[in-house]
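What follows is a short report on a single structure.
Number of protein chains: 2
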Amino acid sequence: MQRAFIFDVFGTCVDWRGSVARDVAAVLPDVDALAFADAWRGEYQPAMSRVRDGGRGYVPLDILHRENLDLVLDRFGVDVPDRAALNRTWERLDPWPDVVPGLTALRAHGLIATCSNGSVGMMARLARWGGLPWDAILGADIGRDYKPKEAVYRCSVEALGLAPAEVTMVAAHNDDLAAAAAAGLKTAFVPRLTEHGPTQSTDLAPTGPWDIVARDFNDLADKV
Amino acid sequence: MQRAFIFDVFGTCVDWRGSVARDVAAVLPDVDALAFADAWRGEYQPAMSRVRDGGRGYVPLDILHRENLDLVLDRFGVDVPDRAALNRTWERLDPWPDVVPGLTALRAHGLIATCSNGSVGMMARLARWGGLPWDAILGADIGRDYKPKEAVYRCSVEALGLAPAEVTMVAAHNDDLAAAAAAGLKTAFVPRLTEHGPTQSTDLAPTGPWDIVARDFNDLADKV
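And the structure:
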């Protein structure tokens, strides 16, 4: 197994927006659950930026999500009885329908691992929830930083004992693939046209010279 | 899944001695393959000691194994056509017969992960070889040091987002459990009476107040 495929998870493998909204609706029935999910996710990049810029030491995403939940509950003027329990919605995100069969087919061609900004614990529980057959959980925790910082891709590749060119980064986000390519990895783009809902305007098509462009994970397995 | 079991691998989950000897015999038919396996493994602790003591920065075990192979080939006065290929014997170690059914049963009770001195890549390939159903690969690579250094247990526990008391270290080696207990983890001892062959004299019985003592992984799953 001198080849590996590493995957972005939020958006690429799982429908965070629909899944978070489902759990928000269950505990906050009077709130616009999709708007709440979008607002919560909207704090994701700003929170990671402080870590990436060195203004804050590395803390796992579980903690950033929890802090961001506090912000968003305040902004919406609502509260829930158990904030820690709601924060665990990020461990209960449903995979897109092609993900489990596609990953299962891809396992015949190499090791498969996450390369996500989620923590090992979050990703391991998410894998249990959705039945994702990872060989390893890599990404932010092993890089002690957040994508698209180069250390995250490099440390993930090194952990597998491979050269960058032996590893393909799979993502629905062009900026993730651009950073992976800059670190020497191969790249595969799989669009997720409704990650941000029906009016999504970003990442509808590949914007770089990615090694593979596939319709979904089944198509990716066919093309490998 | 607010509970986890993390496992020593060499000796506890897999029969390194018999498996390495099998691969050595295939390429060095005139050598005492078990003696060669014992000599190769004999260089394991000295090589890690330099990293633990700070005399050498962290390098993954694959590299230490490869250096130790050079030493042992010289000592035996033999050579093989492809040293890198023989070094990959450490990715082809057979699990003891109770390991796969025991781990499968334990998965119902918590997350299961390695906490080995092997690298992520080595452990992921070993899991493929033996069908070990890990949720995550933890240990030396995430701790950037070697057991029994405290950082390896602590970083493994933190990666899972758990408190030390929510995690049970499972090992056939009393010194590994002593270090895990000192780091606040729970402990489970599973003897492997023939890890070092029929005349093994160490780790035949528990020597500390371990939380669980089990005959094998099936018995461990029953006792959890």
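Read top to bottom, the protein sequences are chains Y and Z.
Take 974 as the starting number for the first sequence in the numbering used here and just add one per residue.
Take 974 as the starting number for the second sequence in the numbering used here and just add one per residue.
Ideal Cβ placement from N, Cα and C applies to all residues, glycine included.
Quick caveat: nothing in here was measured; it's all calculated off a predicted structure.
Can you tell me whether residue i is buried or exposed? The criterion is at least 16 other CB atoms within 10 Å of its CB, across all chains shown.
| i | result |
| --- | --- |
| P1068(Z) | buried |
| L1111(Y) | buried |
| S1176(Y) | The sequence given here has Asp at residue 1176(Y), not Ser. Label assigned to D1176(Y): buried. |
| D1149(Z) | buried |
| Y1031(Z) | exposed |
| A1006(Y) | buried |
| I1036(Y) | exposed |
| L1180(Z) | Reading off the sequence shown, one finds Thr at residue 1180(Z), where the question assumed Leu. The residue in question, T1180(Z), is exposed, as its Cβ has fewer than 16 Cβ neighbours within 10 Å. |
| P1019(Y) | exposed |
| S1022(Z) | exposed |
| A1058(Y) | exposed |
| D988(Z) | buried |
| G1050(Y) | exposed |
| R1056(Y) | exposed |
| A1109(Y) | buried |
Run through chain Z and tell me which residues come within less than 8 Å of residue i, C-beta to C-beta.
| i | result |
| --- | --- |
| R1101(Y) | M974, L1084 and D1108 |
| D1114(Y) | I1115 and A1132 |
Among residues of its own chain, excluding the 5 on either side of residue i, which ones have a beta-carbon nearer than 6 Å to its beta-carbon?
| i | result |
| --- | --- |
| T1062(Y) | V993 and D996 |
| R990(Y) | A1010 |
| A998(Z) | A1006 |
| I1185(Z) | A1161 and K1196 |
| W1183(Y) | L1150, T1160 and F1162 |
| D1114(Y) | S1092 and V1093 |
| A1154(Z) | T1160 |
| W1102(Z) | R1065 |
| A1078(Y) | A1194 |
| L1001(Y) | V1051 |
Can you name, in chain order, every residue of its own chain whose Cβ lies under 8 Å from the Cβ of residue i, other than the five neighbours on each side?
| i | result |
| --- | --- |
| L1166(Y) | Q1173 and L1177 |
| A1124(Y) | G1116, R1117 and D1118 |
Go through its chain and collect everything with a Cβ distance to residue i's Cβ below 7 Å, but skip five positions before and after it.
| i | result |
| --- | --- |
| M974(Y) | G1083 and L1084 |
| V1163(Y) | T985, V1143, A1145, A1187, D1189, F1190 and L1193 |
| P1121(Z) | D1148, D1149 and A1152 |
| P1137(Y) | V1130, A1156, G1157 and L1158 |
| G1104(Y) | V1073 |
| R1098(Z) | E1064 |
| W1107(Y) | I1085, A1086, T1087 and A1100 |
| A1139(Y) | Note that residue 1139(Y) corresponds to Glu in the displayed sequence, not to Ala. These residues qualify, in order along the chain: Q975, R976 and A977. |
List, in order along the chain, the chain Y residues whose C-beta lies closer than 9 Å to that of residue i?
| i | result |
| --- | --- |
| G1094(Z) | M974, A977, L1084, A1109, E1131, A1132, L1133, G1134 and L1135 |
So what does DSSP say about residue i, is it helix, strand or coil?
| i | result |
| --- | --- |
| K958(Y) | Outside the displayed span of chain Y (974 to 1197) sits residue 958(Y), for which this structure offers no information. |
| V1072(Y) | helix |
| T1141(Z) | strand |
| C1088(Y) | strand |
| T1062(Z) | helix |
| V1186(Z) | strand |
| S1134(Z) | Checking the sequence shown, residue 1134(Z) turns out to be Gly, not Ser. In the structure shown, G1134(Z) sits in coil (DSSP, three-state: anything other than H, G, I, E or B). |
| T1160(Y) | strand |
| L1105(Z) | coil |
| G1027(Z) | coil |
| L1177(Y) | coil |
| G1112(Z) | strand |
For residue i, which residues in chain Y fall below 7 Å Cβ to Cβ?
| i | result |
| --- | --- |
| R1098(Z) | M974 |
Please list the residues of the segment 1021–1040 of chain Y that have a C-beta atom closer than 8 Å to any C-beta atom in chain Z, keeping them in chain order. P1033 and D1035
Compile a chain-ordered list of the residues in the segment 1118–1132 of chain Y whose CB is closer than 7 Å to at least one CB of chain Z. A1132
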